[in-house]
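Chemist: What follows is a structure written as structure tokens; I'll ask about it next.
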Amino acid sequence: MAAESKQVAVIGLGRFGMALCHELNQHGAEVLAIDINEDLVRKAADHVTQAIVADCSVEDTVSELKLDDYDIAMVAIGDNVNASILTTLILKESGVKQVWVKAKDRYHAKILHKIGADRVVMPETEMGQRIARIMLDTRIFHYLELGSGLAIAEVVVLTTMMGNPLSAHPCCQGQHTHLLALKRGPELRPHPDKDTRMEIGDILIIAGPESELSVLLKRI
Ligand code: ATP
Ligand code: ATP
Ligand code: CA
1 MAAESKQVAV IGLGRFGMAL CHELNQHGAE VLAIDINEDL VRKAADHVTQ AIVADCSVED
61 TVSELKLDDY DIAMVAIGDN VNASILTTLI LKESGVKQVW VKAKDRYHAK ILHKIGADRV
121 VMPETEMGQR IARIMLDTRI FHYLELGSGL AIAEVVVLTT MMGNPLSAHP CCQGQHTHLL
181 ALKRGPELRP HPDKDTRMEI GDILIIAGPE SELSVLLKRI
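Numbering-wise (the UniProt record's numbering), the sequence shown opens with residue 1 and increments by one.
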């Protein structure tokens with residue numbers, strides 16, 4: 001992860017926001033952690049660059065934070081939808097480059113998209129979907145015969161492969177098989193770099209001769 005120079009503000013230090021802070025910090029990002037709850041800010045302080053108590057649904061407070069230098073701000077306020085929406089609006093106007101928001105449900109997500117959130121995540125829903133795939137451990141998610149002995153397969157990356165580069169995956173080592181795309185959450189990355197590290201829930205879309213695919217798929 002090329003996070004060394006990234007400056008990220010995390011607003012809301014619930015389980016999600018706190019985990020985000022830890023992970024960003026571990027990967028070398030510069031993290032500003034904010035919450036209205038003093039105890040949570042104190043808890044976060046050891047793991048981030050700066051931790052402050054502030055109400056981000058108040059415009060003047062946010063302008064004092066000078067977030068225009070930041071690459072990304074994550075609004076991780078879950079239950080208080082009003083505060084989440086207000087904070088998103090204010091952050092969009094504050095000059096921060098990208099505003100990402102955690103949504104409670106799809107209606108909340110819809111509103112966030114309409115007011116200009118750059119990215120909306122629904123961790124509970126997305127994680128439920130990912131965990132289901134891991135539980136089933138289906139490996140081959142979809143298989144589509146293209147005729148002429150060719151096929152496309154969607155392959156679920158197993159937990160044992162996590163953290164390794166794509167080049168280490170058997171499906172990326174075929175002579176005549178091509179990695180068309182990497183599906184990560186709702187995002188489709190065409191022709192991903194083979195150095196990309198695999199994450200939980202990743203799906204590889206590969207195409208090639210069925211004869212070779214069947215050999216590769218037995219190795220996963
Ligand atoms: P979890 O990730 O644990 O599921 P959650 O999604 O249920 O959390 P909440 O607990 O509702 O989210 O909110 C997360 C945090 O956001 C809380 O610690 C809360 O104090 C903080 N918070 C709420 N409103 C604001 C605000 N206006 N400014 C800053 N922080 C806020
Ligand atoms: P989310 O995934 O939305 O964050 P949550 O982790 O906050 O959910 P809850 O909403 O507290 O979890 O509970 C999840 C579901 O479990 C609820 O729909 C609730 O009705 C159900 N539930 C709670 N107790 C029981 C029980 N004893 N038996 C069966 N279902 C239960
Ligand atoms: Ca929650």
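The beta carbon of each residue, even a glycine, is placed where N, CA and C say it ideally should be.
Which residue from Pro123, Ala9 and Ala103 puts its Cα closest to that of Ile200?
Modeler: Comparing Cα positions, the closest option is Pro123.
Chemist: Considering just the uninterrupted stretch of the alpha helix (DSSP H) at Ile90, what are its terminal residues?
Modeler: Segment Val81 to Ser94, the alpha helix (DSSP H) holding Ile90.
Chemist: For Val99 versus Lys92, is the C-beta distance shorter than 7 Å?
Modeler: The answer is yes: Cβ separation under 7 Å.
Chemist: Measure the alpha-carbon distance for Glu23 versus Leu86 and round it to whole angstroms.
Modeler: Roughly 26 Å separates the two Cα atoms.
Chemist: Within the UniProt domain "RCK N-terminal" (5 to 122), note down every full beta strand (DSSP E) run reaching 3 residues or more, in order along the chain.
Modeler: Qualifying beta strand (DSSP E) stretches, in chain order: 7 to 11, 30 to 35, 50 to 53, 72 to 75, 98 to 102 and 119 to 121.
Chemist: Taking the straight line between their C-alpha atoms, what separation do you get for Leu204 and Ala19?
Modeler: If I take the Cα positions, the gap works out to 26 Å.
Chemist: Pick out whichever of Gly78, Ile220 and Ile34 has its Cα sitting closest to the Cα of Arg106.
Modeler: The option with the nearest alpha carbon to Arg106 is Gly78.
Chemist: Would you say Ala54 and Ala33 are within 7 Å of each other, going by their C-beta atoms?
Modeler: Contact flag unset, no.
Chemist: Pick out whichever of Glu30, Gly14 and His27 has its Cα sitting closest to the Cα of Ile36.
Modeler: Residue Gly14 is the option with its Cα nearest to Ile36.
Chemist: Return the first residue and the last residue of the beta strand (DSSP E) that Glu187 is part of.
Modeler: Taken as a continuous stretch (DSSP letters only), the beta strand (DSSP E) holding Glu187 covers Glu187 to Pro190.
Chemist: Ordered along the chain, which non-local residues of its own chain (more than five positions away) have a Cβ less than 6 Å from that of Gly163?
Modeler: Result list for Gly163: Arg197, in chain order.
Chemist: Would you kindly work out how many angstroms separate the C-alpha atoms of Glu59 and Ile90, rounded to a whole number?
Modeler: Going by the C-alpha atoms only, they are around 6 Å apart.
Chemist: Going by the DSSP bridge assignment, what does Ala153 pair with across the sheet?
Modeler: Its beta-bridge partners are Tyr143 and Ile206.
Chemist: Do Pro192 and Leu182 come within 7 Å of each other at the CB atom, strictly closer than that value?
Modeler: Closer than 7 Å, so yes.
Chemist: Can you tell me where the beta strand (DSSP E) holding Val176 begins and where it ends?
Modeler: The residue you asked about is not Val; residue 176 is His in the sequence shown. Neither: His176 is in no beta strand (DSSP E) and is coded neither H nor E.
Chemist: With DSSP collapsed to three states, give me the class of Leu158.
Modeler: Coil.
Chemist: Given this structure, state the Cα-to-Cα distance separating Gln145 from Lys97, to the nearest angstrom.
Modeler: First, the amino acid is wrong: residue 145 is Glu here, not Gln. Taking the straight line joining both Cα atoms gives about 43 Å.
Chemist: Among Lys194, Gly12, Cys56 and Ala207, whose alpha-carbon lies nearest the alpha-carbon of Lys43?
Modeler: Per the Cα distances, Gly12.
Chemist: With DSSP as the reference, label Leu217 as helix, strand or coil.
Modeler: Correct three-state label for Leu217: helix.
Chemist: Does the beta carbon of Asn25 fall short of 6 Å from some heavy atom of ligand 1?
Modeler: It does not: the Cβ of Asn25 is nowhere closer than 6 Å to a heavy atom of ligand 1.
Chemist: Please determine, among Ala83, His108, Leu65 and Met127, the residue with the shortest C-alpha to C-alpha distance to Phe16.
Modeler: Phe16 has its Cα closest to that of Met127, out of Ala83, His108, Leu65 and Met127.
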